[in-house]
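Chains A and B supply the protein sequences, listed in that same order.
Each residue of the first sequence is one higher than the one before, counting from 1 in UniProt numbering.
Each residue of the second sequence is one higher than the one before, counting from 1 in UniProt numbering.
The C-beta atom is built at its ideal place from N, Cα and C for all residues, glycine as well.
There are 2 protein chains.
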Amino acid sequence: MTRKNAFYAQSGGVTAVINASAAGVIEAAREHSDKIGTVYAGRDGIVGALTEDLIDTSAESAGAIAALKHTPAGAFGSARYKLKGLEENRAQYERLIEVFKAHDIGYFFYNGGGDSADTCLKISQLSEKMGYPIQAIHVPKTMDNDLPHTDCSPGFGSVAKYTAVSIREAGFDLASMCKTSTKVFILEVMGRHAGWTAAAGGLASEADGQDPHVLLFPEIAFDEEKFLAKVDETVKRHGYCTIVASEGVRNADGEFLSDAGSTDAFGHKQLGGMAPTLAELIKNKLGYKYHYAIADYLMRAARHIASQTDVEQAYAVGRAAVEYAVAGKSGIMVSIVRESDEPYEWSIGEAPLDEVANVEKMMPREFISEDGFHITEAARRYLKPLIAGESYPPYADGLPQYARLKNVAVEKKLSEGFEV
Amino acid sequence: MTRKNAFYAQSGGVTAVINASAAGVIEAAREHSDKIGTVYAGRDGIVGALTEDLIDTSAESAGAIAALKHTPAGAFGSARYKLKGLEENRAQYERLIEVFKAHDIGYFFYNGGGDSADTCLKISQLSEKMGYPIQAIHVPKTMDNDLPHTDCSPGFGSVAKYTAVSIREAGFDLASMCKTSTKVFILEVMGRHAGWTAAAGGLASEADGQDPHVLLFPEIAFDEEKFLAKVDETVKRHGYCTIVASEGVRNADGEFLSDAGSTDAFGHKQLGGMAPTLAELIKNKLGYKYHYAIADYLMRAARHIASQTDVEQAYAVGRAAVEYAVAGKSGIMVSIVRESDEPYEWSIGEAPLDEVANVEKMMPREFISEDGFHITEAARRYLKPLIAGESYPPYADGLPQYARLKNVAVEKKLSEGFEV
């Protein structure tokens with residue numbers, strides 16, 4: 001096996017721990033300097049590969065790379081840029097291979113969700129056909145936890161923890177004030193079409209009657225009458241009601257309750273506006289004073305309250321991707337395998353990319369209580385270890401000290417540019 | 001001086017550290033058992049005094065009281081309930097004195113903001129007139145930081161830290177994604193008519209060009225044209241723009257930019273809806289993709305990221321209130337006196353309540369940059385020590401362990417009830 005350079009890129013919405021995966025890839029690659037030369041990172045994800053805008057990670061000190069483990073978001077830039085099908089735009093793939101060839105890149109580490117798994121697979125297949133084989137390994141990442149064939153997705157444990165901590169704190173607030181003020185509080189969470197994030201909020205309720213009282217999942221069609229009855233009954237019994245609502249909740253006709261209608265670069269509908277919609281409904285039909293919070297990016301960037309489990313797994317999948325690559329593997333996603341719930345034990349595994357690409361893993365029905373408004377014991381067993389442990393970043397002057405890399409550009413070798 | 005019982009109540013919107021003040025009051029009172037008998041807490045604030053619904057804090061262990069130091073919100077319940085003027089509703093004040101008399105209460109510790117200072121003053125004055133003098137001491141609390149005659153208000157340092165940490169994290173997210181996705185992010189923060197909370201977000205920008213790029217204060221009339229030009233210029237220069245917007249921002253006519261029109265029990269307009277208003281404006285006029293978060297109660301309940309300075313000050317003002325009381329004082333607010341900026345040194349002082357009640361302290365103009373969109377060095381010097389230090393709560397199973405008190409009711413002594 002000859003020594004080749006590696007390319008690493010971050011894809012899609014960033015998380016609190018995707019940089020921990022980057023650190024895993026880079027640190028492991030540095031240990032395999034006999035097989036892996038330089039790790040080039042794509043500036044702004046795959047866009048950097050298409051435009052030959054590569055970052056030389058060897059210009060970063062060991063300390064800077066280690067600091068990525070406690071730095072949220074994408075240190076090299078990520079992209080919402082989905083490569084088209086091979087038939088539609090063969091030129092994109094050919095350009096990628098051309099850039100990889102020019103920089104002697106033999107390893108492709110792609111850190112993303114379901115769409116990125118699809119890209120990773122295509123590159124693996126096409127490079128083979130084009131006579132410049134590249135070992136393509138997918139490093140899983142998505143706060144939505146909707147990747148199949150892995151126990152969980154790095155990035156999820158930290159938003160899960162953020163959600164559970166935040167709704168617990170808001171619940172203490174409501175409990176204090178409900179006698180004369182706000183009766184209903186709604187926390188709107190991201191998570192797209194899967195209810196994993198909202199489910200995690202349910203962990204804050206550790207005893208019967210403890211809030212959050214109501215969780216709304218995309219997996220359960222929204223039933224206005226049942227919802228209002230549940231909220232009303234909760235306020236009457238406990239004095240207040242706290243709700244975690246998934247941005248992707250839909251009614252029985254499959255329409256999103258939220259209003260926002262824009263579409264992102266992957267063709268996904270941009271969701272949002274769930275909380276005010278629910279709040280107005282509650283005010284109009286039940287007359288209760290409400291407040292709501294929209295967590296949005298705060299939740300996926302919240303490295304300050306990241307889960308220790310999540311940080312460790314994100315780092316481990318990055319390292320494992322390199323180990324698999326130097327062992328000669330390609331066309332796989334690194335996965336997390338649960339060995340036991342309690343004590344929580346996990347190991348690293350692999351899944352073939354063609355089974356991962358473009359599949360969304362929804363919450364199983366047995367994780368959702370019969371009435372559809374909460375989680376079951378099975379869900380708790382699954383979720384609990386994922387938010388375990390605190391992994392605090394270092395602070396100075398009261399603020400977390402996150403890494404800002406140099407991101408030195410690699411000299412271009414191709415004469416032609418490329419329009420993205 | 002005869003031994004008397006004490007009454008403690010929490011008032012208005014709760015904070016991440018108001019319970020630390022409660023712990024200060026109760027622990028100090030226990031040390032002065034020669035002068036102070038039992039500390040009774042009002043269930044749901046002053047409402048508990050009016051309805052003779054008192055909580056016996058002596059039923060709580062030393063450990064439970066100590067745990068209040070790391071527990072957000074109001075452990076005994078707070079209330080948005082403003083006592084009317086003496087002429088309008090003398091019966092309320094007479095009832096309070098009657099309840100205090102029945103339970104041999106000689107000390108009144110009221111933990112709140114400007115409205116509560118007013119109530120505290122009236123009780124001090126009226127009890128004197130009614131021949132049952134009560135030593136009334138105001139324990140300052142407000143996340144809005146708008147109390148006069150104190151360097152800062154306990155509760156503010158922690159929302160300030162939450163805001164600065166959150167917008168820094170969101171900024172890292174935007175920086176990663178802006179090439180192909182969101183260009184503008186708005187964080188809407190509470191803080192009523194004063195811009196202190198938004199100003200604190202400015203601390204996250206430690207070098208020229210670092211985000212947040214734009215802060216919107218209620219103290220500066222919103223100028224649509226200037227705002228849009230600033231956002232556009234920022235996106236063009238840095239690739240993205242992050243904004244912290246105060247809920248209380250108004251246009252040149254003094255109208256709130258937000259839509260929500262409800263009014264709370266104090267007659268204050270309930271604010272909210274600033275972020276979507278700004279986001280729509282940006283989308284329509286500049287065409288940039290946006291995201292926004294609305295922190296709402298999450299910020300004031302966020303004990304998990306509380307400022308160590310804030311926790312210490314909240315605890316200290318609680319203790320000091322008791323010390324002032326046993327020294328014979330009444331009709332005062334405990335205050336925080338800044339001795340030096342760097343190193344930050346502070347001490348405890350006092351302010352006469354008639355100078356505190358119903359006065360809102362706005363951001364001084366010299367804390368706001370000339371263009372109105374950021375903070376000055378003077379503001380940084382003032383704000384920086386207030387967010388310093390981390391004071392993490394204990395965790396179990398990934399979740400913060402906050403105190404849940406027994407809140408045992410004291411037997412009623414009066415035959416008549418009271419409608420609130």
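Problem - Residues bridged to LYS4/A (per DSSP) - result: Here residue 4/A refers to the residue found at position 4 of the first sequence. Bridge partners of LYS4/A: ILE36/A.
Exercise for the section: Taking ARG338/B as part of the beta strand (DSSP E), name the residues at either end of that continuous run. Expected result: By one-based count along the second sequence, residue 338/B stands at place 338. Counting along the chain, the beta strand (DSSP E) containing ARG338/B begins and ends at 332-340.
Exercise for the section: Select from the region 111-134 of chain A all residues with a C-beta closer than 9 Å to any C-beta belonging to chain B, and list them in chain order. Expected result: none
Practice task
Any chance you could list the alpha helix (DSSP H) runs of at least 4 consecutive residues sitting entirely within the region 9-93 of chain A, in chain order?
Solution key: 18-31, 46-50, 62-67
Problem - Burial state of residue 426/B, where buried means 16 or more other Cβ atoms lie within 10 Å - result: The question about residue 426/B has no answer, for chain B in this structure spans 1 to 420.
Exercise for the section: Consult DSSP for GLN125/A and reduce its assignment to one of helix, strand or coil. Expected result: One-based indexing of the first sequence puts residue 125/A at position 125. Residue state, collapsed to three classes: helix.
Exercise for the section: With DSSP as the reference, label ASN111/B as helix, strand or coil. Expected result: Position 111 of the second sequence, counting from 1, holds the residue named residue 111/B. Strand, per DSSP.
Practice task
Report the neighbours of residue 463/A on chain B: residues whose CB is nearer than 9 Å to its CB, in chain order.
Solution key: The question about residue 463/A has no answer, for chain A in this structure spans 1 to 420.
Handout entry: Where the beta strand (DSSP E) containing SER347/A begins and where it ends
Key = The count along the first sequence starts at 1 and reaches residue 347/A at position 347. Its beta strand (DSSP E) spans residues 345-352.
Practice task
Using three-state DSSP, classify residue 435/B as helix, strand or coil.
Solution key: For chain B, the structure presents residues 1 to 420; residue 435/B sits outside this window and is missing.
Problem - Span of the beta strand (DSSP E) around HIS138/B - result: Start at 1 with the first residue of the second sequence, and residue 138/B comes out as number 138. Taken as a continuous stretch (DSSP letters only), the beta strand (DSSP E) holding HIS138/B covers 135-140.
Exercise for the section: Give me the Cβ distance between SER335/B and LEU386/B, rounded to the nearest whole Å; I'm assuming they're in contact under 8 Å. Expected result: As a working mapping, residue 335/B is identified with position 335 in the second sequence. As a working mapping, residue 386/B is identified with position 386 in the second sequence. About 15 Å separates the two Cβ atoms, so there is no contact after all.
Handout entry: Residue closest to ILE243/A, alpha-carbon to alpha-carbon, out of GLU225/A, SER258/A, LEU216/A
Key = The sequence position of residue 243/A within the first sequence is 243, counting from 1. It is LEU216/A.
Practice task
Name the residue from GLY24/A, TYR8/A, PHE7/A, THR15/A whose alpha carbon lies nearest to the alpha carbon of TYR315/A.
Solution key: Within the first sequence, residue 315/A is the residue found at index 315, counting from 1. If we check each option's Cα against that of TYR315/A, GLY24/A comes out closest.
Exercise for the section: Compare the C-beta of LEU68/A against all C-beta atoms of chain B and say whether one is closer than 9 Å. Expected result: Mapped onto the first sequence, residue 68/A falls at position 68. So, not an interface residue.
Practice task
Would you mind telling me which residues of chain B sit closer than 8 Å to PRO72/A, beta carbon to beta carbon, in chain order?
Solution key: Here residue 72/A refers to the residue found at position 72 of the first sequence. Residues of chain B passing the Cβ test: GLU169, PHE172, ASP173.
Problem - Cα-Cα separation, LEU271/B to VAL356/B - result: As a first step, residue 271/B must be located in the second sequence, where it is residue number 271. As a first step, residue 356/B must be located in the second sequence, where it is residue number 356. Residue placement at LEU271/B is poorly supported in this model, since its pLDDT is 47, which falls under 50; the coordinates still yield a value, given next. Their Cα atoms are separated by approximately 24 Å.
Problem - Positions along the region 278-293 of chain A whose CB lies within less than 8 Å of some CB in chain B - result: LYS289, HIS291, TYR292, ALA293
Handout entry: 9 Å Cβ cutoff, GLY85/B in contact with chain A
Key = By one-based count along the second sequence, residue 85/B stands at place 85. It does not; no Cβ of chain A falls within 9 Å.
Exercise for the section: Can you check DSSP and say which residues form a bridge with VAL189/A? Expected result: For the purposes of this step, residue 189/A is identified with residue 189 of the first sequence, where counting begins at 1. Note: VAL189/A sits in a beta bridge opposite SER246/A.
Exercise for the section: Grab the span of the beta strand (DSSP E) containing HIS291/A for me, first residue to last. Expected result: In the first sequence, residue 291/A corresponds to position 291, counting from 1. First-last of the beta strand (DSSP E) with HIS291/A: 290-294.
Practice task
Return the residue from the list ALA221/B, GLU390/B, ALA194/B, GLU233/B that minimises the CA-CA distance to HIS213/B.
Solution key: As a position in the second sequence, residue 213/B is number 213, starting the count at 1. Here the closest residue by C-alpha is GLU233/B.
Practice task
Just mark LEU405/B as buried or exposed, buried being the case when its beta carbon has 16 or more other beta carbons within 10 Å.
Solution key: By 1-based counting over the second sequence, the position of residue 405/B is 405. By the 10 Å Cβ count, LEU405/B comes out buried.
Problem - For MET190/A and ASP296/A, the rounded distance between their alpha carbons - result: Indexing the first sequence from 1 puts residue 296/A at position 296. Indexing the first sequence from 1 puts residue 190/A at position 190. Distance between the alpha carbons of ASP296/A and MET190/A: 6 Å.
Handout entry: ARG80/A at chain B interface by Cβ criterion, 9 Å
Key = Your numbering for residue 80/A matches position 80 in the first sequence. By this cut-off, ARG80/A is an interface position.
Exercise for the section: Determine, using beta carbons only, whether VAL25/B comes closer than 9 Å to chain A. Expected result: Locating residue 25/B in the second sequence gives position 25, where the first residue counts as 1. VAL25/B does not count as touching chain A.
Handout entry: 9 Å Cβ cutoff, MET143/A in contact with chain B
Key = Here residue 143/A refers to the residue found at position 143 of the first sequence. With 9 Å as the cut-off, MET143/A does not count as an interface residue toward chain B.
Problem - Cβ pair ALA325/A, ILE46/A closer than 9 Å - result: Numbered from its first residue, the first sequence carries residue 325/A at position 325. Numbered from its first residue, the first sequence carries residue 46/A at position 46. Not a contact, by the Cβ cut-off of 9 Å.
Practice task
Under 8 Å between beta-carbons, which chain B residues line up against TYR344/A? List them in chain order, please.
Solution key: Position 344 of the first sequence, counted from the start, is the residue given in the question as residue 344/A. Within 8 Å Cβ-Cβ: nothing; TYR344/A doesn't reach chain B, min ~11 Å.
Exercise for the section: Classify THR263/B as helix, strand or coil using the three-state DSSP reduction. Expected result: Stepping through the second sequence from its first residue, residue 263/B is reached at position 263. In this prediction, THR263/B has a pLDDT of 49, which is less than 50 and means its spatial position is unreliable; nothing more can be read from the coordinates.
Problem - Exposed unless 16 or more other CB atoms sit within 10 angstroms - verdict on LEU83/A - result: In the first sequence, the residue the question calls residue 83/A occupies position 83. Flag for LEU83/A reads buried.
Problem - Top-ranked residue by Cα proximity to ILE123/B, from ILE332/B, ASP34/B, PRO218/B - result: For the purposes of this step, residue 123/B is taken as the residue at position 123 of the second sequence. Minimum Cα distance to ILE123/B is reached at ILE332/B.
Practice task
Would you please verify whether the beta carbon of LYS161/B is less than 9 Å from any beta carbon of chain A?
Solution key: Locating residue 161/B in the second sequence gives position 161, counting from the first residue. With 9 Å as the cut-off, LYS161/B counts as an interface residue toward chain A.
Handout entry: C-alpha gap between ILE55/B and ILE105/B, whole angstroms
Key = Counting from one through the second sequence, the residue named residue 55/B turns up at place 55. Counting from one through the second sequence, the residue named residue 105/B turns up at place 105. Distance between the alpha carbons of ILE55/B and ILE105/B: 13 Å.
Exercise for the section: Indicate whether the contact test is met: 3 or more Cβ pairs, each with one atom in the region 339-349 of chain A and one in the region 109-127 of chain A, closer than 8 Å. Expected result: no
Problem - Best match in LEU187/B, THR38/B, THR150/B, TYR110/B for proximity to GLU339/B [C-alpha to C-alpha] - result: If you number the second sequence from 1, residue 339/B lands on position 339. Among LEU187/B, THR38/B, THR150/B, TYR110/B, the Cα nearest to that of GLU339/B belongs to THR150/B.
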